[in-house]
Structure formats: C-alpha cells, structure tokens
Amino acid sequence: MLVDFAVIKSAQSGDSVAFNEIVLAYRKRILGHISHLIARTEDVEDVAQEVFVRMYYSLDQLRSAEVFEPWLYTLTKNAAYDYLRKQKRRQEFRMSDLSEQQVTMADAVAGGKAEQEERYHKTIRESVDALLGAVSEADRILLMLKEVEGLSLKELEKIYKVNENALKVRLFRARQRVLKAFGAAEKKEDAG
Amino acid sequence: MIPMRGSNDEKLDALFRAFAACPTPEPSANFMPTLWQKIESRQTFTFSFRRMANAFAAAAVALTLALSVYMYVPHAAPAPSLSYLDMLAEAHPIVTPDLASPTQLELTESGR
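Sequence lines, in order, name chains A and B.
Sequential numbering from 1 applies to the first sequence in this note's numbering.
Sequential numbering from 1 applies to the second sequence in this note's numbering.
And the structure:
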C-alpha cells in the first residue's frame, strides 16, 4: 500500500487533502498501468484523470480500505476499456502496418542514442497496439494485465470476479489470436 | 532489442517484455489542476441534473395530490329523482321542429 488505511478512510469521509494524497501516491503507478493497457501515450494522462474522477465519486462504495488497491485496479481497467471502446479512430488491424513497424524497428539502430531509444519505444508500442487489434478490447486488457503487468491469475480473479479456469480459457484464446496475427505479419514481412 | 530468432511464441513474449520495459509517462505539471477541474465540472453537472430531477419529482407529486383530491372530494350533484329518459330529455331539449309529430292540417271552408 502506498498510503495508510487512515488516509483512505479520511478520503471516504470527504477529506479532499486525503484524496489529493492518494492521487499523488498512485498517479505514477496508474499512468504506468494505463500506458500498457492503451499504448497511446498522448491519451494516457487523460484516462488516468478519468480513473481518479471515478475514484472521487465512488470512494464511498469501497467496502474497506484493505481492498483499495484491487478496487483501484478495477477502476483503471474499466476506464481503459471505456476509452478503447469510445476511440473511434482505433485503426483496424493492418498487417502491412505491422510489417513496416517491424522493419522500422531494425532500422532504428541508426541515429542518436536518445532519439534512437525513443523511436524504438514508439515502434514497440505501435507494434503491440497493432497486434492487439486482433482481439476485443476486453481481451486486450486481460492479456495486458497478465502478460505485461504480470498479474497472477489469483489477482485477476479478484479484479474480474470470475474463476481461474474461465480466465485461463480467455487468456489462451486471446493469446492464440494475437499469435496468429503475429505469424501472419511475420510471413508478410518475409515475403516482402 | 527484440530477438528475431525463435518461435513466434518466444518472439511475442520478447515483444511483450520490451513493451513492459518502455518508460512510463511522467505526470504533467497540470495533472492535479486538470483533475480537480474535471471533478468540479462533473459535480456541477450532477448537481444541476439532480436539481432538475427534484423539481420534476416535486411537480409530479403536486399534480398527483391535486388530482387525487379532485377525484375523492364528492361533487355536489342533485339526487336523481327523474327517470333516465326524463333526464336525457331534459338535458337535450329538442329545438328542431319535430318532424315525427303528426301534421295538423287546417281545413278551411274554401278548401272543402
């Protein structure tokens, strides 16, 4: 826990100083989670603010301060899901784009170190974003929570409130779809 | 760098690992002010919506009360002492000439 239970309880009773303290403690972590869930860095802060707005209005629904972190994770997951659904300009999965990105990744070796790193990270994000276009928004979030955020099945059970086996099946199917898309992009790259 | 050798499973894992290692965006200087603006704007919207909903609810309750009072208060109506047909006839007096009544012919002397 990044804050004391007492701070959460104060925020629940409407103390805005306590609320600020929670936001300051968790915002970096939430920004990190969201950057993995939505991949578009320019929208990450906006979605993080949405998480905290939701937190402000639903803190009174939190049963106990002990379950604050999984609860905040659920809010983050839901806000990211809503963002992905609303995002109209979410590009359809295009294999040609992915191949280009993979080629760019290799090309990124040239250039200044900082610039090169930045370009490399951008390419990675775009590649992952394009690949995840092969699965639904809900599966994308689940897959990211497991594969990138490194959450265990037990932790996911708490967030999703479904049993471990159902989660395993969903994760397996989502990964298979992403793998298929990855394979298709690789083939296309090899052919080109 | 992502390894370009190995199975697709391994490559995908490597891509996810590289993605996880991407730097986390730093919160901007405007993070907190913008957050509070968003909270307040939503509060204003919620407040005005609640006020409007309350006004509608109050108006509906008032209308319901008024209607129920109107329905339950007995209206001063004269006790019907006449038969239904008499009342009907009284309520709708025939103003048009009664075509059904027998015509009275006045027979004059010259007409004989």
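Glycine residues also receive a C-beta, built at the ideal position from the N, C-alpha and C atoms.
Item checked: chain A within 9 Å of F49 (chain B), Cβ atoms only -> Your numbering for residue 49 (chain B) matches position 49 in the second sequence. Chain A, which has no Cβ nearer than 9 Å to the Cβ of F49 (chain B), makes this no.
Next item on the list: Starting from R69 (chain A), follow the alpha helix (DSSP H) in both directions and report where the run begins and ends.
Entry: In the first sequence, residue 69 (chain A) corresponds to position 69, counting from 1. First, the residue type needs correcting, since residue 69 (chain A) is Glu and not Arg in the sequence shown. Under the DSSP assignment, E69 (chain A) falls in the alpha helix (DSSP H) whose first and last residues are 68–86.
Checklist line | Contact set between I124 (chain A) and chain B, taken where Cβ atoms lie within less than 9 Å | finding: For this step, residue 124 (chain A) is matched to residue 124 along the first sequence. Near I124 (chain A) (Cβ distances below 9 Å), the residues of chain B are I2, L15, A18, F19, A21, C22.
Item checked: Residue nearest to I124 (chain A) in terms of C-alpha spacing, selected from A:S35, A:D139, A:A134, A:L153 -> Within the first sequence, residue 124 (chain A) is the residue found at index 124, counting from 1. With distances taken between CA atoms, I124 (chain A) lies nearest to A:S35 out of A:S35, A:D139, A:A134, A:L153.
Notebook entry, point to check: Can you find a C-beta in chain B that's less than 9 Å from the C-beta of K28 (chain A)?
Noted result: In the first sequence, the residue the question calls residue 28 (chain A) occupies position 28. For K28 (chain A), the nearest beta carbon of chain B is closer than 9 Å to its own beta carbon.
Notebook entry, point to check: Which stretch, first to last residue, makes up the alpha helix (DSSP H) that contains E118 (chain A)?
Noted result: For the purposes of this step, residue 118 (chain A) is taken as residue 118 along the first sequence, with counting starting at 1. Going by DSSP, E118 (chain A) is part of the alpha helix (DSSP H) stretching over 113–131.
Notebook entry, point to check: Taking C-beta to C-beta, are H33 (chain A) and E137 (chain A) nearer than 9 Å?
Noted result: As a working mapping, residue 33 (chain A) is identified with position 33 in the first sequence. As a working mapping, residue 137 (chain A) is identified with position 137 in the first sequence. Against a cut-off of 9 Å, the Cβ pair of E137 (chain A) and H33 (chain A) comes out as no contact.
Notebook entry, point to check: Where does H92 (chain B) sit, in a helix, a strand or coil, going by DSSP?
Noted result: Counting from one through the second sequence, the residue named residue 92 (chain B) turns up at place 92. Assigned with DSSP and collapsed to three states, H92 (chain B) falls in coil, not helix or strand.
Next item on the list: Return helix, strand or coil for R173 (chain A), following the three-state DSSP convention.
Entry: The sequence position of residue 173 (chain A) within the first sequence is 173, counting from 1. Reduced to three states, the DSSP call for R173 (chain A) is helix.
Next item on the list: Taking D13 (chain B) as the reference, give the member of A:E186, A:A191, A:R175 with the closest Cα.
Entry: In the second sequence, counting from the first residue as 1, residue 13 (chain B) sits at position 13. Of A:E186, A:A191, A:R175, the smallest CA-CA separation from D13 (chain B) is found for A:R175.
Item checked: Among A:F5, A:V135, A:E147, A:K158, nearest to L75 (chain A) - alpha-carbon criterion -> Here residue 75 (chain A) is taken as the residue at index 75 of the first sequence, counted from 1. Among A:F5, A:V135, A:E147, A:K158, the Cα nearest to that of L75 (chain A) is on A:K158.
Check: L59 (chain A) touches chain B at which residues, Cβ-Cβ below 7 Å?
Finding: Reading the first sequence from its first residue, position 59 is the one you call residue 59 (chain A). Ordered by position in chain B, no residue passes the 7 Å Cβ test against L59 (chain A), which lies about 12 Å from the chain.
Next item on the list: Give the secondary structure of E194 (chain A) by DSSP, where H, G and I count as helix, E and B as strand, and everything else as coil.
Entry: Because chain A spans 1 through 192 in this model, residue 194 (chain A) falls outside it and cannot be assessed.
Check: How long is the line joining the alpha carbons of R173 (chain A) and K180 (chain A), rounded to whole angstroms?
Finding: Indexing the first sequence from 1 puts residue 173 (chain A) at position 173. Indexing the first sequence from 1 puts residue 180 (chain A) at position 180. Distance from the CA of R173 (chain A) to the CA of K180 (chain A), rounded to the nearest whole angstrom, comes to 11 Å.
Checklist line | Rounded separation between K113 (chain A) and V47 (chain A) - CA only | finding: By one-based count along the first sequence, residue 113 (chain A) stands at place 113. By one-based count along the first sequence, residue 47 (chain A) stands at place 47. The straight-line gap from Cα to Cα measures roughly 30 Å.
Margin query: Below 8 Å on the Cβ atoms is my contact criterion, and I expect Q61 (chain A) with K38 (chain B) to pass it. Report the Cβ-Cβ distance as a whole number of Å.
Written below: Looking up residue 61 (chain A) in the first sequence gives position 61. Looking up residue 38 (chain B) in the second sequence gives position 38. That pair is no contact at about 19 Å.
Next item on the list: Starting from the beta carbon of F45 (chain B), find every residue of chain A whose beta carbon is closer than 7 Å, and list them in chain order.
Entry: Counted from its first residue, the second sequence places residue 45 (chain B) at position 45. Under the 7 Å cutoff, chain A gives no residues; its nearest Cβ is about 11 Å from F45 (chain B).
Margin query: Less than 9 Å between CB atoms is the rule here; does Y207 (chain A) satisfy it with respect to chain B?
Written below: Here chain A comprises residues numbered 1 to 192, so residue 207 (chain A) is not present and cannot be evaluated.
Margin query: Suppose contacts are defined by Cβ-Cβ distances below 9 Å. Is I30 (chain A) in contact with V51 (chain A) by that definition?
Written below: Within the first sequence, numbered from 1, the residue matching residue 30 (chain A) stands at position 30. Within the first sequence, numbered from 1, the residue matching residue 51 (chain A) stands at position 51. Result yes, Cβ atoms of I30 (chain A) and V51 (chain A) sit closer than 9 Å.
Notebook entry, point to check: Residues of chain A with CB under 8 Å from N54 (chain B), in chain order?
Noted result: Residue 54 (chain B) sits at position 54 when you count from the first residue of the second sequence. What N54 (chain B) touches in chain A: nothing, since even the nearest Cβ is about 19 Å away.
Next item on the list: Give me the Cα-Cα distance between L15 (chain B) and V44 (chain A), rounded to the nearest whole angstrom.
Entry: The sequence position of residue 15 (chain B) within the second sequence is 15, counting from 1. The sequence position of residue 44 (chain A) within the first sequence is 44, counting from 1. The alpha-carbon separation between L15 (chain B) and V44 (chain A) amounts to approximately 20 Å.
Next item on the list: Out of A:D139, A:P70, A:E66, point me to the one whose CA is closest to L37 (chain A)'s CA.
Entry: Working through the first sequence from its first residue, we reach residue 37 (chain A) at position 37. Comparing Cα-Cα distances from L37 (chain A) to each of A:D139, A:P70, A:E66, the minimum goes to A:D139.
Margin query: With a threshold of 9 Å between beta carbons, is S28 (chain B) in contact with chain A?
Written below: As a working mapping, residue 28 (chain B) is identified with position 28 in the second sequence. Chain A, which has a Cβ nearer than 9 Å to the Cβ of S28 (chain B), makes this yes.
Checklist line | Opening and closing residue of the alpha helix (DSSP H) in which E40 (chain A) lies | finding: Against the first sequence, residue 40 (chain A) aligns to sequence position 40. According to the sequence provided, residue 40 (chain A) is Arg. The question's Glu does not apply to it. Per DSSP, R40 (chain A) belongs to no alpha helix (DSSP H) and is neither H nor E.
Notebook entry, point to check: Mapping DSSP to helix, strand and coil, what is R54 (chain A)?
Noted result: As a first step, residue 54 (chain A) is located in the first sequence; it is residue number 54 there, counting from the start. Note: R54 (chain A) maps to helix in three-state DSSP.
Notebook entry, point to check: Run through DSSP, which three-state label would V73 (chain B) get?
Noted result: Stepping through the second sequence from its first residue, residue 73 (chain B) is reached at position 73. Here V73 (chain B) sits in coil by DSSP.
Item checked: Reduced DSSP secondary structure (H/G/I, E/B, other) of D15 (chain A) -> The count along the first sequence starts at 1 and reaches residue 15 (chain A) at position 15. The answer is coil: DSSP assigns D15 (chain A) none of H, G, I, E or B.
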